[in-house]
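Here the structure is laid out as structure tokens; the discussion comes afterwards.
In the numbering used here, the protein residues as written are 56 to 489.
Next up, the structure:
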């Protein structure tokens, strides 16, 4: 008796995942299933994935979602510890070779940490500044390893995007079952998630469920999905997952994710085209005009406020930069020191990496950090059309993290942008491909 052995092609595997994801997304939105089936599917997907793909997600993106899940089920171990250990487990054989062959990346990262240390020593030493220095060092090191994997190892971009899609699904499932978010009234109800997250922002039950995390995780999913050097923005086998990511981004109503995704798609159009620069610029302008018109059709308060250009940039992005400019005016040379933006010792920051550096490092620190990054980029001869080992546009990942750093979070999260820049390699494929 013969055993029937059916081998699925890559495109068939892609479509299989897409339809499974649609079924799970529909079930979660309608309240049929909760987080447990999703977390089991996430574990299954991580186990079946390429080790590099799984490690990238665990080291860069999974700690918040897993941490939230552990918090809700009262698991005694922090999610960040679990994701870190699992990520290291997946690449335990890779770490030594990564460190040995990327000495320049590590040296430049250490220079940034030393600059942060000096800023810490002359700043207000309080609970937040201490935690900030430790977290910058820890998260920066972990993210540097992850980005070194992205630039110098061959892995499946699609595989990473699929795992990120499941993490988005986990956020939604936890929001409904644990944080008691109301279910959408229709498939086009794009307001319910953000409104509930904002209303419950200070509720211990809901603080771990943020519309920012849902939107940004989806944005990074799209970044990896369109990451390849193929001429079209999205391939036929990726179109379904691409649309699903767009839907989740609109569901989150995270404006930085919506803006970031629009810029990412435009950047991919520009990078992958062989047309003259004038033609590419014209096409890009038409695309952004089309995107604005399309977003105008989404009748949510957040979209309408953001697209009302006469109200000023600060109101459009819901940010108040007055405190930041006041600190820069008072402490222009050296800033207030690491964590100095916070006068209370609690986490407080201007939601913009440039303003944060100017506030806490001053003009001198800003110049030192900029010089460190630019000297490394020049040393590595980086180009916007730089290809990673798996022949993908690395610029898209840098853009995604830069957009986040301009609008959201503090240096403890945005240190990943420095790590992404320091992971740039002298890729042996670079000259051959170009």
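Glycine residues also receive a C-beta, built at the ideal position from the N, C-alpha and C atoms.
In this text the structure is predicted, and so the values were computed from the model without any measurement.
- Of the other Cβ atoms in all chains shown, 16 or more fall within 10 Å of the Cβ of residue 264; this residue is therefore buried.
- Around the CB of residue 102, fewer than 16 other CB atoms lie within 10 Å, so the residue is classed as exposed.
- DSSP places residue 106 inside the alpha helix (DSSP H), whose first and last residues are 106-115.
- Distance check between residue 172 and each of 151, 163 and 191 places 191 closest, using alpha-carbon atoms only.
- Taking all protein chains shown into account, residue 67 has fewer than 16 neighbouring C-beta atoms within 10 Å of its C-beta and is therefore exposed.
- In the DSSP assignment, residue 338 falls within the unbroken alpha helix (DSSP H) covering 332-351.
- Classified as exposed, residue 253 has fewer than 16 neighbouring CB atoms from the shown chains inside 10 Å of its CB.
- Taken through DSSP and simplified to helix, strand or coil, residue 283 comes out as strand.
- For residue 447, the beta-bridge partners assigned by DSSP are 283.
- Residue 459 is classed as buried because its beta carbon has at least 16 other beta carbons within 10 Å across all chains shown.
- The Cβ neighbour count for residue 429, taken over all protein chains shown within 10 Å, is under 16; the residue is labelled exposed.
- The beta-carbon distance between residue 141 and residue 115, rounded to whole angstroms, is 13 Å. This is too long to meet the 8 Å contact definition.
- Bridge pairing for residue 442: 448 [DSSP].
- With respect to the 8 Å criterion, residue 89 and residue 232 are classified as neighbours on the basis of their beta carbons.
- The closest CA to that of residue 82, considering only 280, 176, 276 and 225, is found on 225.
- The C-alpha of residue 92 is placed about 27 Å away from the C-alpha of residue 201.
- Closest by C-alpha distance to residue 433, out of 480, 393, 442 and 270, is 480.
- In this chain, the alpha helix (DSSP H) harbouring residue 468 covers 466-477.
- Closest in alpha carbon position to residue 269, among 235, 221 and 279, is 221.
- In this structure, residue 237 lies away from residue 245, with their beta-carbon atoms at least 8 Å apart.
- Here residue 438 has no same chain residue with a Cβ atom under 6 Å from its own Cβ, once five neighbours each way along the sequence are excluded.
- It is roughly 41 Å from the alpha-carbon of residue 241 to the alpha-carbon of residue 443.
- Boundaries of the alpha helix (DSSP H) harbouring residue 320: 310-327, taken from the DSSP string.
- Between residue 163 and residue 431, the beta carbon gap of about 5 Å places them in contact (Cβ cut-off 8 Å).
- Counting the other Cβ atoms within 10 Å of the Cβ of residue 98 gives fewer than 16, which makes it exposed.
- At a Cβ-Cβ threshold of 8 Å, residue 424 and residue 390 do not count as neighbours.
- For residue 213, the enclosing alpha helix (DSSP H) has its first and last residue at 212-232.
- By the C-beta density criterion, residue 336 is exposed, having fewer than 16 other C-beta atoms within 10 angstroms.
- Around the CB of residue 78, fewer than 16 other CB atoms lie within 10 Å, so the residue is classed as exposed.
- Along the stretch 157-187, the alpha helix (DSSP H) occurs as fully enclosed runs of 4 or more residues at 158-176, listed in sequence order.
- Taking 8 Å as the cut-off, the Cβ atoms of residue 319 and residue 277 count as close.
- Our two residues, residue 111 and residue 215, have alpha carbons roughly 8 Å apart in a direct line.
- Three or more beta-carbon pairs drawn from the stretch 382-396 and the stretch 173-190 are found closer than 8 Å, and the two stretches are therefore classed as touching.
- The criterion of a C-beta distance shorter than 8 Å is not satisfied by residue 469 and residue 293.
- Nearest to residue 217 by alpha-carbon distance, out of 96, 385, 332 and 402, is 96.
- DSSP places residue 79 within a helical segment (H, G or I) once states are collapsed to three.
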